[in-house]
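Participant: Handing you a structure now.
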Amino acid sequence: MVSPTAQAVFIQGITQDGRTFRPSDWAERLAGVMSQFRPGGVSPGSHLSYSPWCIPTTMGSVKCVVVHLDLRDYDVMAWDFVMNFAKDNNLQVAEACLLPDFPASK
């Protein structure tokens, strides 16, 4: 269960027992599958970019996928798919609240 204050979850490419999850491109694959779930729905060419609700990234040396809770509000089955992927593969999941971008200081 995700807490009410969380804005996103990080699915980390580390299993509960500390092993690196394979294949090494799992995050990009998962985000690619989820590319059709986006604000405004599917549009021509939208499969060529990641959804803003499911973004692959790296934290340190760990591959992750940031999944925004907006995905759950948009399509609960898509949310369940992503969360069940993490559960089925025994991946670590962390809740997050996102901070706004601050202008660079001069």
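Be aware that the sequence shown starts at 92, since it is given in this note's numbering, and climbs by one per residue.
In this text, a Cβ means the ideal position worked out from N, Cα and C, and glycines have one as well.
1) Please report the distance separating the alpha-carbon of E186 from that of V167.
2) Comparing the C-beta of I102 with each C-beta of chain C, is any distance below 7 Å?
3) For S140 and A169, I'd like the C-alpha separation in whole angstroms.
4) Cutting at 7 Å between CB atoms, please list the residues of its own chain near D108, excluding the five before and the five after it.
5) Using alpha carbons as the reference points, say which of P114, P130 and C145 lies closest to D171.
Facilitator: So, from the data block:
1) Roughly 18 Å separates the two Cα atoms.
2) Absent here is chain C; the protein component of the structure consists of one chain.
3) Note on geometry: alpha-carbon atoms of S140 and A169 lie some 17 Å from one another.
4) Excluding positions up to five away in sequence, the list is empty.
5) The residue with the shortest Cα to Cα distance from D171 is C145.
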